[in-house]
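**Student:** For the sequence shown, the numbering used here gives the first residue as 5, with consecutive numbering after it.
C-beta: ideal position from N, C-alpha, C; glycine also.
Here the structure is a predicted model, which is why all the values come from computation and not from measurement.
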Amino acid sequence: MGESEVELKKSYIGIFSLNYFVQGINQSMFTTIIPIFLFYLLDPLPVDAGQIASMMSIILLPFGVKFIYGILSDKIGFKKFGRRKPWIIGPSIASGLIWILFPFILTASNAMSLVTILGVIIVIGVAMGDTAIDGLILDLYPKERLGRVQGICWGFRSVGIIAGGPLLVILILLTGGTTEIIFIGLGIAMMIFSFTTLIVKERVKNIEVNAVENLKVIFGKRKNWKVYAFSLFNSFCDGIVFVLIPLFILIQWGLVTASGATMDLIGDPTQEHLYAPQALIAFIIGLGVITGALIGGRIADLQSRKRSVYISFILTSISFLLFIIPISWPFLLIFSLILGTSAGWRNSAFSAVIGQESQQYPEMDSTYYATCNSFTNLGSTIGLQLTSILIGVLAGLQAFWIYAIIFLFMAIIMNIGLGTFFTLDPNDYEINIERSQ
Numbered sequence: 005m006g007e008s009e010v011e012l013k014k015s016y017i018g019i020f021s022l023n024y025f026v027q028g029i030n031q032s033m034f035t036t037i038i039p040i041f042l043f044y045l046l047d048p049l050p051v052d053a054g055q056i057a058s059m060m061s062i063i064l065l066p067f068g069v070k071f072i073y074g075i076l077s078d079k080i081g082f083k084k085f086g087r088r089k090p091w092i093i094g095p096s097i098a099s100g101l102i103w104i105l106f107p108f109i110l111t112a113s114n115a116m117s118l119v120t121i122l123g124v125i126i127v128i129g130v131a132m133g134d135t136a137i138d139g140l141i142l143d144l145y146p147k148e149r150l151g152r153v154q155g156i157c158w159g160f161r162s163v164g165i166i167a168g169g170p171l172l173v174i175l176i177l178l179t180g181g182t183t184e185i186i187f188i189g190l191g192i193a194m195m196i197f198s199f200t201t202l203i204v205k206e207r208v209k210n211i212e213v214n215a216v217e218n219l220k221v222i223f224g225k226r227k228n229w230k231v232y233a234f235s236l237f238n239s240f241c242d243g244i245v246f247v248l249i250p251l252f253i254l255i256q257w258g259l260v261t262a263s264g265a266t267m268d269l270i271g272d273p274t275q276e277h278l279y280a281p282q283a284l285i286a287f288i289i290g291l292g293v294i295t296g297a298l299i300g301g302r303i304a305d306l307q308s309r310k311r312s313v314y315i316s317f318i319l320t321s322i323s324f325l326l327f328i329i330p331i332s333w334p335f336l337l338i339f340s341l342i343l344g345t346s347a348g349w350r351n352s353a354f355s356a357v358i359g360q361e362s363q364q365y366p367e368m369d370s371t372y373y374a375t376c377n378s379f380t381n382l383g384s385t386i387g388l389q390l391t392s393i394l395i396g397v398l399a400g401l402q403a404f405w406i407y408a409i410i411f412l413f414m415a416i417i418m419n420i421g422l423g424t425f426f427t428l429d430p431n432d433y434e435i436n437i438e439r440s441q
């Protein structure tokens, strides 16, 4: 296998981070903006919360099959644009155009069905671009820098997911704008940012990719399933961090009242005053994510990936235990910063591990990396589903104790993730670097 050398410019990380941030905002749009938009669009008709939840679960399904997009960007390329860029730019243009069309084609009569169909297409485009950028990073950066680069990019994507929706809502409220403008703006941003990847000089790999044989190896080796098990449990608690923790803080803040598992809004029925506190919580968690991603990636690259993983899992467990302490809401904001830091740290260390593991399959490194992320997304979904079941079982208890038991459960279940990581061979993911002063 031969490959060309390229200069790794600092601007590349900025380009990747911007694209990841926009990808995160796409997910936040579906979980935060779209439900509110549907309430306004369908008014005075009632909106069934269960129907919205079902619609969102369908829309986000394409993230669970990212290995398919990995195969495409590994196997199919274009001589002029390389293997990765066509799968970043093309899908982003398609998704961006659909966002721009959203305000002009949605009506009260077709909204629920059309949002579902178009949402799936948008998320397929986002997931394709996400997977191709992962592959581009794996192609460009040596193993000694994977943890830091992937940690930074993952951090920006997480901030987009966490803070994007609430901040856009506040932007709408403060400017007196409309949701339709946000749709159009996001579509334009997706297309513009995807074209910035043309600045990145791709490393040309002169290889023939045998997809079938590589897939047999990727899914046939027993040791790879250990990595997939680690991937599954790595994100098991992420849904709780990004969804349940903000709700818990709003309850303890006194902005939302809770009786058992049922929550009621307080005060103004439009609840516009909730957007600012929600955005503040999201910002604090996001700040922690970025901080943890930087620290975790640096330790993973310059010291030890095993150490970085262990510290991140232990920190996550301790962070959940902090929320069990009956304490006033300002301290919960501090705890959310710590929990966000643990999430960013954990995922940057995880990215460094699976990034190194994927380089054992140079012909289909993106496919392997995307497969691990498919299991990561599955783990987050399972974690949320188990939490939903647990809330139903504990519905008769006081709200604080329902959340306390869930947080304790997550602190314990994290140790399973450490157990799966312990089964991996350090020779497959660890690097030794001699450092000078």
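Counting along the chain, where does the alpha helix (DSSP H) carrying Ile196 start and finish?
**Tutor:** Annotation: the continuous alpha helix (DSSP H) that includes Ile196 extends over Thr183 to Phe199.
**Student:** Going by beta carbon distance, what residues of the same chain come within less than 6 Å of Gln27, once the five residues before and after it are set aside?
**Tutor:** Val130, Asp134 and Arg161
**Student:** What residue from Asp143, Ser384 and Pro95 has the CA that sits closest to Val204's CA?
**Tutor:** Asp143
**Student:** Contact defined as beta carbons within less than 8 Å: I believe Thr424 pairs with Phe237. What is the distance between those atoms, to the nearest angstrom?
**Tutor:** 6 Å
**Student:** Taking the alpha-carbon positions, what's the Lys225 to Pro430 distance?
**Tutor:** 17 Å
**Student:** For the putative contact between Leu336 and Ile253, defined by C-beta atoms under 8 Å, what is the C-beta separation to the nearest angstrom?
**Tutor:** 5 Å
**Student:** Leaving out five residues before and five after Gly271 in sequence, what residues of the same chain have Cβ atoms less than 6 Å from its Cβ?
**Tutor:** With a pLDDT of 45 at Gly271, under the threshold of 50, the modelled position of this residue cannot be trusted, and the question is left open.
**Student:** Quick check: what's the CA-CA separation for Thr200 versus Ala233?
**Tutor:** 35 Å
**Student:** Determine the DSSP secondary structure at Phe41, reduced to helix, strand or coil.
**Tutor:** Phe41 carries a helical assignment under DSSP once its states are collapsed to helix, strand and coil.
**Student:** What does Phe82 pair with, by DSSP beta-bridge criteria?
**Tutor:** Gly86
**Student:** At the level of alpha carbons, what is the spacing between Phe34 and Met59?
**Tutor:** Each residue's alpha carbon lies about 10 Å from the other.
**Student:** Rank Met132, Arg152 and Ile329 by C-alpha distance to the C-alpha of Ser198 and give the top, closest one.
**Tutor:** Met132
**Student:** So what's Ala98 in DSSP terms, helix, strand or just coil?
**Tutor:** The answer is helix: DSSP assigns Ala98 an H, G or I state.
**Student:** How far does the alpha helix (DSSP H) with Tyr407 in it reach, from first residue to last?
**Tutor:** Ala403 to Phe426
**Student:** Could you round the C-beta distance between Ser332 and Asp138 to whole angstroms and report it? I think they count as a contact, below 8 Å.
**Tutor:** With 8 Å as the limit, Ser332 and Asp138 do not qualify as a contact, their Cβ atoms being about 41 Å apart.
**Student:** Answer with buried or exposed for Ala356, where buried requires no fewer than 16 other C-beta atoms within 10 angstroms of its C-beta.
**Tutor:** buried
**Student:** Starting from the Cα of Ile358, find the closest Cα among Leu428, Phe327 and Leu306 and give me that residue.
**Tutor:** Leu428
**Student:** Between the alpha carbons of Gln360 and Thr182, how many angstroms are there, rounded?
**Tutor:** So the alpha carbons of these two residues sit roughly 45 Å apart.
**Student:** Closest by CA to Gly344, which one among Cys241, Leu12 and Phe20?
**Tutor:** Checking every option, the nearest Cα to that of Gly344 belongs to Cys241.
**Student:** In chain order, what residues of the same chain have a beta carbon less than 7 Å from the beta carbon of Arg149, not counting five sequence neighbours either side?
**Tutor:** Hits under 7 Å: Asp305.
**Student:** So, for Asn377: in the same chain, excluding its five sequence neighbours on each side, which residues have a beta-carbon less than 6 Å away from its beta-carbon?
**Tutor:** Lys70
**Student:** Measure the CB-CB distance between Ser362 and Cys157 and report whether it falls below 8 Å.
**Tutor:** No, the pair does not count as a contact, with Cβ atoms beyond the cut-off.
**Student:** At least one CB of chain D closer than 8 Å to the CB of Pro430: is that the case?
**Tutor:** The displayed structure is made up of one protein chain only, and chain D is not part of it.
**Student:** Quick check: what's the CA-CA separation for Pro90 versus Ala347?
**Tutor:** One C-alpha to the other measures close to 31 Å.
**Student:** Below 7 Å CB to CB, which residues in the same chain sit around Ser323 once its five sequence neighbours on both sides are set aside?
**Tutor:** If the five residues before and after Ser323 are omitted, its C-beta is found closer than 7 Å to the C-beta atoms of Phe339, Ile342, Leu343 and Ser346, all from its own chain and listed in chain order.
**Student:** Under 8 Å between the Cβ atoms of Pro297 and Trp349?
**Tutor:** Here residue 297 is Ala; the residue named in the question, Pro, does not match the sequence. Yes, the Cβ-Cβ distance between Ala297 and Trp349 is below 8 Å.
**Student:** Looking at the secondary structure, which residues open and close the alpha helix (DSSP H) in which Asp446 lies?
**Tutor:** Outside the shown range of the chain, which is 5 to 441, sits residue 446, and nothing can be said about it.
**Student:** I'd like the list of long-range same chain contacts for Gly159, defined as Cβ closer than 6 Å, with 5 residues on each side in sequence excluded.
**Tutor:** Val293, Ile294, Ala297 and Gly348
**Student:** Any idea what DSSP makes of Ala374, helix, strand or coil?
**Tutor:** Reduced to three states, the DSSP call for Ala374 is helix.
**Student:** Could you give the DSSP three-state label for Pro66: helix, strand or coil?
**Tutor:** Correct three-state label for Pro66: helix.
**Student:** Taking the straight line between their C-alpha atoms, what separation do you get for Gly301 and Ile125?
**Tutor:** 33 Å
**Student:** Output yes or no for whether 8 Å exceeds the beta carbon distance between Phe246 and Ile166.
**Tutor:** Taking C-beta atoms as the reference points, Phe246 and Ile166 count as a pair closer than 8 Å.
**Student:** Starting from Val2, trace the alpha helix (DSSP H) in both directions and tell me its first and last residue.
**Tutor:** In this structure the chain extends from 5 to 441, so residue 2 is not present and cannot be described.
**Student:** For Leu12 and Leu326, I'd like the C-alpha separation in whole angstroms.
**Tutor:** 41 Å
**Student:** Taking Cβ to Cβ, would you say Leu248 is nearer than 8 Å to Ile410?
**Tutor:** yes
**Student:** Tell whether a beta-carbon distance below 8 Å holds between Ser29 and Gly164.
**Tutor:** Per the sequence shown, the amino acid found at residue 29 is Ile instead of Ser. Yes, the pair counts as a contact, with Cβ atoms nearer than the cut-off.
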